[in-house]
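> Would you mind keeping the following structure in view while I ask a few things?
Residue numbers (our numbering): 1 to 59.
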């Protein structure tokens with residue numbers, strides 16, 4: 001997870017899966033984060049084997 005945090009810091013505008021959020025996969029987890037200036041703010045970490053779209057749909 002630390003390596004993924006460093007990777008998201010190096011490439012903060014990487015993958016965009018949810019509106020306003022970006023993500024990075026650290027199998028089996030998916031880290032969702034928001035870019036604020038030059039800071040990647042981690043919003044949520046989910047098990048990538050779950051139905052992530054359903055989780056975000058539930059709010």
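We put the beta carbon where it would ideally sit given N, CA and C, even for glycine. Since we're looking at a predicted model, the values are computed, not measured.
#1: Note down, in chain order, each residue of its chain lying with its Cβ closer than 8 Å to the Cβ of residue 34, except the 5 sequence neighbours on either side.
#2: Given a threshold of 16 other Cβ atoms within 10 Å of its Cβ, counted over all protein chains shown, does residue 31 qualify as buried or as exposed?
#3: On the DSSP bridge assignment, give the partners of residue 45 in chain order.
Looking at the coordinates:
#1: So the list reads 20, 21, 22, 40, 41 and 43, once near-sequence residues are dropped.
#2: Using a 10 angstroms sphere on the CB of residue 31, the tally of other CB atoms reaches 16 or more, which defines it as buried.
#3: Under the DSSP definition of a beta bridge, residue 45 partners with 31.
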